[in-house]
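Student: First the structure, then my questions, so here it is.
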Ligand code: PGA
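Residue numbers (my numbering): 3 to 253.
In structure tokens form, the structure reads like this:
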């Protein structure tokens, strides 16, 4: 469990044009030997840039991920991207069940589970997102909500190599707000216990990332918590300097 290398994932969301390849190149350049030894970097650009970024990243060990995939491998699904197509670009990761997909595209836990299964079939590592709303936290329901999301969206038979869980409180995403360190630690310990009860010792190997307003100024204290095995970073991942500074919390 201690040998687990932390993972810092950048989620570019619907940002980035071909010209952004230069900024991504600065991330690749900044991922020097020392950082490489301590932390795995993953960048998830929009689908239009997956192949381009995969080529730029060649030989650098910066990994590439998509932001979503379809539960089916092919068929009449206009506008969708299968996990196999994602893998075909050179990507190795895919974000699944992000709260923006859940709210804007009405995706359910069951949808997320199908996507994790498809990712697994295509040889991708799924980054499964869970998180409570502000009201659910205020009502004292945060732990129960996460249990129910994990229960509904995590397929059986996963190992610590196929699955990453990202805890992203909905109200912390893009808001500049974060839970207290005690609340993050409590939730991550809770998720760890859930994973171990479901998966046995494999549950101890799963990376649990924190996401929601991670920035250079709060990265060290959040990433230093027990059972926080990395971060899922939105806004601050668009600037190479900020993203590398967050990853340097592990340096
Ligand atoms: P944020 O987004 O870092 O901009 O809050 C995180 C995410 O949605 O993955």
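Idealized CB from N, CA, C, for every residue including glycine. As the structure is a prediction and not an experimental result, all values here were calculated from the model.
Pop quiz: residue 213 and residue 233 are said to be a contact at Cβ under 8 Å. What is the actual Cβ separation, rounded to whole angstroms?
Tutor: On the chain shown, position 211 is the one that residue 213 refers to. On the chain shown, position 231 is the one that residue 233 refers to. Going by Cβ atoms, the distance from residue 213 to residue 233 rounds to 6 Å, so yes, they are a contact pair.
Student: Of all the options 224, 209, 219 and 241, which has the alpha carbon lying nearest to the alpha carbon of residue 231?
Tutor: If you number the chain shown from 1, residue 231 lands on position 229. Answer by Cα proximity: 209.
Student: Between which two residues does the beta strand (DSSP E) carrying residue 42 extend?
Tutor: The residue labelled residue 42 in the question sits at position 40 within the chain shown. Its beta strand (DSSP E) spans residues 42-46.
Student: Is any heavy atom in the ligand PGA found nearer than 7 Å to the beta carbon of residue 215?
Tutor: Residue 215 sits at position 213 when you count from the first residue of the chain shown. Because some heavy atom of the ligand PGA lies under 7 Å away, the Cβ of residue 215 counts as near it: yes.
Student: Kindly examine the ligand PGA and report whether one of its heavy atoms sits closer than 7 Å to the Cβ of residue 235.
Tutor: As a working mapping, residue 235 is identified with position 233 in the chain shown. Checking every heavy atom of the ligand PGA against the Cβ of residue 235, one is found closer than 7 Å.
Student: Between residue 151 and residue 111, which are expected to be in contact by the criterion C-beta below 8 Å, what is the C-beta distance as a whole number of angstroms?
Tutor: Indexing the chain shown from 1 puts residue 151 at position 149. Indexing the chain shown from 1 puts residue 111 at position 109. Rounded, the Cβ-Cβ distance is 6 Å, consistent with contact.
Student: With DSSP as the reference, please indicate the residues paired to residue 232 in a beta bridge.
Tutor: For the purposes of this step, residue 232 is identified with residue 230 of the chain shown, where counting begins at 1. Paired residues: 9.
Student: Do residue 99 and the ligand PGA come close, with the Cβ less than 7 Å from some heavy atom?
Tutor: As a first step, residue 99 is located in the chain shown; it is residue number 97 there, counting from the start. Residue 99 Cβ: outside cutoff for every heavy atom of the ligand PGA.
Student: Examine the Cβ distances between the segment 76-85 and the segment 101-116 and report whether three or more of them are shorter than 8 Å.
Tutor: No, the segment 76-85 is not in contact with the segment 101-116.
Student: Between the alpha carbons of residue 37 and residue 80, how many angstroms are there, rounded?
Tutor: Reading the chain shown from its first residue, position 35 is the one you call residue 37. Reading the chain shown from its first residue, position 78 is the one you call residue 80. For residue 37 and residue 80, the distance between alpha carbons rounds to 40 Å.
Student: Hey, which unbroken runs of the alpha helix (DSSP H) at 4 residues or more fall wholly within the segment 54-99?
Tutor: Entirely contained in the segment 54-99, the alpha helix (DSSP H) runs reaching 4 residues are, in chain order, 85-90.
Student: Does the beta-carbon of residue 39 have 16 or more other beta-carbons within 10 angstroms, so that it is buried, or is it exposed?
Tutor: As a first step, residue 39 is located in the chain shown; it is residue number 37 there, counting from the start. When all chains shown are included, residue 39 counts as exposed.
Student: For residue 13, I'd like the list of residues in its chain whose CB is within less than 8 Å of its CB, leaving aside the five on either flank, ordered along the chain.
Tutor: Walking along the chain shown from the start, residue 13 turns up at place 11. Excluding positions up to five away in sequence, the list reads 46, 69, 97, 100, 213, 234, 235, 236 and 239.
Student: Would you tell me roughly how many angstroms separate the C-alpha atoms of residue 247 and residue 131, rounded to the nearest one?
Tutor: By one-based count along the chain shown, residue 247 stands at place 245. By one-based count along the chain shown, residue 131 stands at place 129. Residue 247 and residue 131: Cα-Cα distance of roughly 23 Å.
Student: Cβ-heavy atom distance between residue 298 and the ligand PGA below 7 Å?
Tutor: Any question about residue 298 goes unanswered here, given that the chain covers just 3 to 253.
Student: Taking the continuous beta strand (DSSP E) assigned at residue 209, which residues delimit it?
Tutor: On the chain shown, residue 209 is found 207 positions in, with the first residue counted as 1. It spans 209-213 - the beta strand (DSSP E) in which residue 209 sits, taken as one unbroken run.
Student: Could you check the C-alpha separation between residue 78 and residue 71 for me, to the nearest Å?
Tutor: The count along the chain shown starts at 1 and reaches residue 78 at position 76. The count along the chain shown starts at 1 and reaches residue 71 at position 69. Their backbone Cα atoms lie some 14 Å apart in a straight line.
Student: With distances taken from CA atoms, which of 88, 167, 122 and 244 is nearest residue 197?
Tutor: What you label residue 197 is simply residue 195 of the chain shown in a count that begins at 1. The shortest Cα separation from residue 197 among 88, 167, 122 and 244 belongs to 167.
Student: Drop a sphere of 10 angstroms on the beta-carbon of residue 261, count the other beta-carbons inside from all chains shown, and report buried for 16 or more, exposed for fewer.
Tutor: Absent from the structure is residue 261, since the part of the chain shown begins at 3 and ends at 253.
Student: Using CA atoms only, rank isn't needed, just tell me which of 90, 119, 134 and 123 is closest to residue 105.
Tutor: Walking along the chain shown from the start, residue 105 turns up at place 103. For residue 105, the nearest C-alpha among the options comes from 134.
Student: Determine the direct distance from the alpha carbon of residue 41 to that of residue 3, and round the result to whole angstroms.
Tutor: Within the chain shown, the letter at position 1 stands for residue 3. Within the chain shown, the letter at position 39 stands for residue 41. Its pLDDT being 39, under 50, residue 3 is placed unreliably by the model, and the measurement read from it follows with that caveat. Approximately 15 Å, taken between the alpha carbons.
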